[in-house]
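Trainee: With full-length UniProt numbering, you'll find the sequence shown wraps up at 531, consecutive numbering, no jumps.
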Amino acid sequence: EQSYMESVVTFLQDVVPQAYSGTPPDEKEKIVWVRFENADLNDTSRNMEFHEIHSTGNEPPLLLMIGYSDGMQVWSIPISGEAQELFSIRHGPVRAARILPAPQISAQKCDNFSEKRPLLGVCKSIGSSGTSPPYCCVDLYSLRTGEMVKSIQFKTPIYDLHCNKRILVVVLQEKIAAFDSCTFTKKFFVTSCYPCPGPNMNPIALGSRWLAYAENKLIRCHQSRGGACGDNIQSYTATVISAAKTIKTGLTMVGKVVTQLTGTLPSGATEEEILAHSNLRRSPLVPGIVTIIDTETVAEGQVLVSEDSDSDGIVAHFPAHEKPICCMAFNPSGMLLVTTDTLGHDFHVFQILTHPWSSSQSAVHHLYTLHRGETEAKVQDISFSHDCRWVVVSTLRGTSHVFPINPYGGQPCVRTHMSPRVVNRMSRFQKSAGLEEIEQELTSKQGGRCSPVPGLSSSPSGSPLHGKLNSQDTYNNFTNNNPGNPRLLPLPSLTVVLPLAQIKQPMTLGTITKRTGPYLFGAGCFSIKAP
């Protein structure tokens, strides 16, 4: 008998290339992107029959979305491997597609599309009107009837779609638009996003309630406590690569100065570079800043983080990297956020601790730095396991890096990852021996974060990103007899984790421009469920 994943692979190899009779049998359709989707159709909490089936060892069906060069398909793959086509559209390439979950209904809100659900949001090259520019509209189709129920038009191209039970988020270049999940009317929009060269032009992360995006400026009055804690430790390879880059940058700057003095432009300079330098002089942008907003309490209209605006709906605002952010993702609970920059050397894991007053009182703990390597790589997606003990990061080179972490931080070990369940932070031996009190005393004497490398200084002053807390916070914490407040000093120590496994795709898939790998790994091989 074939396993679950083997039956999916067999389906991809045999059924998909000859899905339609219009395609000659000797020609295979080109798959542009593929991903697994979590929706109400395979949600065990919404379908009680899956609980009965689950007792016999079966699982809910997988929902597989496949994008071709001329359309897309949605397949339901049960445990038997007999795939069933749920939806198909053939009107040009599809850039993004999402199955929308059923919205939360309250006394003040009613679902206008309850009879048409489940709905599928599609962004394709040719809109429903036929007159709009390519990829400038979102068409909502009913999987129950197959008809289009609504179309949302935009003036600029759409790059991605995200959704939860509250909102539908449309990602544009340097802009985010959110729509209510019941009526699909515009709820709020953000225009202060920091641009990224790719593959995610405007990276965001949408949890069950919070929305994180890359801000273009750091506003001190809204800055949360903590954030990225960088270290000045570099390996020999990293030092050599950094020196080579410095020499190259210096030669480039000398060449530009010479060409400016002679009154000519360098032959390799493009209009985008010239425009970027001119815009940078007018309004300097700060890369690597993350803003998290609460989609339930944020005001309608434009969301603007500035010195004159209040902090209503802003959960956290903090520096995450020195370079522009290219990808980020929430864990299933929404309390952990993983971010990565354009270099792709390190991935940062943050724990978000909110405060009901303002974002400046919130705390952002930098729990982990997941070190991939010294060479540059473009990250295309990040995926968590269900119990948040594993993180998979996939790059455009087709490599998926598997990192072990703990939801509460600390060094991963055999005790934390060999158990079928998530264990407590402190073991019974550590509690009975009093090691917890000793660790807290040592941390308080060191005055903050510990260095991940033994024998080095624990002071974070070398990091330009880490915001210092004044002594008044420590005094208030002591006088209030509240040493266990996670928002105040001492902050938890930073842990550097190397990948436990690096999985390379065994075959060449050609030029991949969209997300392919992480969805398969995140929904299949590395999905660890606690019994």
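Heads up, the beta-carbon is just placed ideally off N, CA and C, and yes, glycines get one too.
#1: Please work out which residues of its chain come closer than 6 Å, Cβ to Cβ, to residue 339, disregarding the five sequence neighbours upstream and downstream, and give them in chain order.
#2: Residues in the same chain with beta-carbon distance under 7 Å from residue 412, minus the five sequence neighbours each way, listed in chain order, please.
#3: With C-beta atoms as the reference, is residue 225 less than 8 Å away from residue 296?
#4: Counting along the chain, where does the alpha helix (DSSP H) carrying residue 415 start and finish?
#5: Can you list, in chain order, the residues of its chain whose CB lies under 8 Å from that of residue 8, leaving out five sequence neighbours each side?
#6: How about the segment 113 to 120 and the segment 136 to 156: do they share at least three Cβ pairs that are nearer than 8 Å?
#7: Grab me the residues of residue 370's own chain with a C-beta within less than 6 Å of its C-beta, minus the 5 sequence neighbours each way, in chain order.
#8: Over the uninterrupted beta strand (DSSP E) stretch that includes residue 98, give me the two end residues.
#9: Could you tell me which residues DSSP puts in a beta bridge with residue 37?
#10: Nearest-angstrom Cα distance between residue 29 and residue 400?
#11: Are there 16 or more other CB atoms within 10 angstroms of the CB of residue 312, so buried, or fewer, so exposed?
#12: Quick one, which of 145, 158, 112 has its alpha-carbon nearest residue 132's?
#13: Can you tell me whether residue 485 is buried or exposed? The criterion is at least 16 other CB atoms within 10 Å of its CB, across all chains shown.
#14: With which residues is residue 139 paired in a DSSP beta bridge?
#15: Select from 137, 11, 136, 227 the residue whose C-alpha is nearest the C-alpha of residue 85.
#16: Which of helix, strand or coil does DSSP assign to residue 348?
#17: Does the segment 329 to 337 come close enough to the segment 377 to 393 that 3 or more CB-CB pairs lie under 8 Å?
#18: Less than 8 Å separating the beta-carbons of residue 367 and residue 284?
#19: Quick one: measure Cβ to Cβ for residue 323 and residue 198, integer angstroms, because I've assumed they're closer than 8 Å.
#20: Nearest by alpha-carbon distance to residue 194: which of 289, 169, 227, 357 is it?
#21: Would you identify the three-state DSSP class for residue 298, choosing helix, strand or coil?
#22: For a test of the three-state rule: what should DSSP assign to residue 318, helix, strand or coil?
#23: Can you tell me whether residue 365 is helix, strand or coil according to DSSP?
#24: Which residues bound the beta strand (DSSP E) around residue 214?
#25: Distance, Cα to Cα, residue 359 vs residue 316?
#26: Report back the beta-carbon spacing between residue 175 and residue 191 to the nearest angstrom; my notes put them in contact at under 8 Å.
#27: With DSSP collapsed to three states, give me the class of residue 360.
#28: My guess is that residue 111 and residue 101 are in contact by the Cβ rule of under 8 Å, so how many angstroms apart are they, rounded?
#29: My guess is that residue 363 and residue 487 are in contact by the Cβ rule of under 8 Å, so how many angstroms apart are they, rounded?
#30: Taking all protein chains shown into account, do 16 or more other C-beta atoms lie within 10 angstroms of the C-beta of residue 144, making it buried, or fewer, making it exposed?
#31: Please name the residue, chosen from 356, 202, 302, 166, that lies closest to residue 172 on a Cα-to-Cα basis.
#32: Closest Cβ-Cβ distance between residue 40 and chain D: below 8 Å?
#33: Please list the terminal residues of the continuous beta strand (DSSP E) segment that includes residue 404.
#34: To the nearest angstrom, how far is the alpha carbon of residue 463 from that of residue 383?
#35: Within a Cβ cutoff of 7 Å, which residues of the same chain sit near residue 37, ignoring the five residues on either side of it in sequence?
Mentor: Working from what's here:
#1: 320, 325, 328, 348
#2: 404, 405, 406, 497
#3: The Cβ atoms of residue 225 and residue 296 lie no closer than 8 Å to each other.
#4: Start and end: 414 to 417.
#5: 62, 64, 77, 81, 524
#6: yes
#7: 347, 403, 497
#8: Counted as a single uninterrupted DSSP element, the beta strand (DSSP E) harbouring residue 98 occupies residues 94 to 100.
#9: The partner list for residue 37 (beta bridge, DSSP) reads 63.
#10: 25 Å
#11: exposed
#12: The shortest Cα separation from residue 132 among 145, 158, 112 belongs to 158.
#13: exposed
#14: Within the DSSP secondary-structure output, residue 139 pairs in a beta bridge with 122, 151.
#15: 11
#16: strand
#17: yes
#18: no
#19: Not really, about 14 Å apart at Cβ, beyond 8 Å.
#20: 289
#21: coil
#22: strand
#23: strand
#24: 210 to 215
#25: 5 Å
#26: 5 Å
#27: DSSP, read as helix, strand or coil, puts residue 360 in helix.
#28: Contact flag wrong, Cβ pair sits at about 12 Å.
#29: Confirmed, about 4 Å.
#30: exposed
#31: The option with the nearest alpha carbon to residue 172 is 202.
#32: Here chain D cannot be found, since the structure has a single protein chain.
#33: 399 to 404
#34: Since pLDDT at residue 463 reaches only 40, below the 50 mark, its modelled position is unreliable, and no value is offered.
#35: 63, 65, 99
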